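Positions in the sequence shown are counted from 1; adding 584 to them yields our numbering.
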Amino acid sequence: MEKFHTVSSIATPLDRSNVDTDQMVPKQFLKLVQRTGFGKFLFHDWRFEQDGSPKKDFALNDPKYSNSHILISGENFGCGSSREHAAWALKDYGFDVVIAPSFADIFYNNCFKNGILPISVSRDVLNDLLKTSLQMTVDLSNQTIRYGDRTILFEIEENRKRTLLEGLDDIALTLQQEDKILAYEKSH
């Protein structure tokens, strides 16, 4: 997993509550077994008409958000099924940060396993973020979001922060203990 760095980007607004993983990646696109290739399916039914043409009123189809690495959404982001493909699709599309007032637990954990930083903010902060130009910088080391002339702090568990900064997924964390694992196996 790549190390998480400071992200400066325009943020894509998706001001909807209860965005579920089934909408992030509809079931018909769950045929891939690798983590890549899902970005083109992200929010497929919201992004595209039945003939495959892009819907003009969906934020991801707006050219000004085409290089966005930050997604801003409403409460309970990532609810629904536990499919990890949702996090894979967000990452593959290019999102490194998701900002929302709350997240579904499994989705929240899947974000960290895939190098995405989920940031919980109050609804008031979310409304303020949505009113700005949406150009912002997310600094994980200092746990800040800077936009306009404002800087807000966000909370993150210390261990999750460390694993993102060091680019460690669960396997890499386990391999840090490889010598102890081998010593234990030899003794038993």
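The beta carbon of each residue, even a glycine, is placed where N, CA and C say it ideally should be. Model, not experiment: these values are computed from the prediction.
What is the rounded straight-line gap between the Cα of residue i and the Cα of residue j?
| i | j | result |
| --- | --- | --- |
| S652 | Q760 | 33 Å |
| S725 | G732 | 20 Å |
| T605 | W672 | 11 Å |
| P685 | T596 | 15 Å |
| N743 | M720 | 25 Å |
| H772 | K764 | 12 Å |
| K615 | G664 | 19 Å |
| E762 | L752 | 14 Å |
| R730 | V603 | 25 Å |
Judging by CA-CA distance, which residue of the options is the nearest neighbour of residue i?
| i | options | result |
| --- | --- | --- |
| S704 | S593, N645, T728 and K587 | T728 |
| L748 | I683, C695 and K624 | C695 |
| L710 | R600, D680, H589 and Q612 | R600 |
| L713 | F588, L655 and K640 | L655 |
| L644 | L737, L598 and G621 | L598 |
Which first and last residues belong to the alpha helix (DSSP H) in which residue i is found?
| i | result |
| --- | --- |
| M608 | T605 to M608 |
| Y731 | From DSSP, Y731 is part of no alpha helix (DSSP H) but of the beta strand (DSSP E) over T728 to Y731. |
From what residue to what residue does the beta strand (DSSP E) around residue i run?
| i | result |
| --- | --- |
| I755 | Where I755 is concerned, there is no enclosing beta strand (DSSP E), although the alpha helix (DSSP H) it sits in stretches over D754 to L759. |
| T721 | Q719 to D723 |
| I700 | Neither: I700 is in no beta strand (DSSP E) and is coded neither H nor E. |
| L737 | R734 to L737 |
| L626 | Counting along the chain, L626 falls outside any beta strand (DSSP E), and DSSP gives it neither H nor E. |
Could you tell me if residue i is buried or exposed, where buried requires 16 or more neighbouring beta carbons within 10 angstroms of its beta carbon?
| i | result |
| --- | --- |
| V609 | buried |
| G662 | buried |
| V681 | buried |
| K587 | exposed |
| D754 | exposed |
| P638 | exposed |
| S593 | buried |
| V617 | exposed |
query: Taking one C-beta from the region 664-682 and one from the region 618-626 each time, how about it: are there three or more such pairs within less than 8 Å?
result: Touching, per the Cβ criterion.
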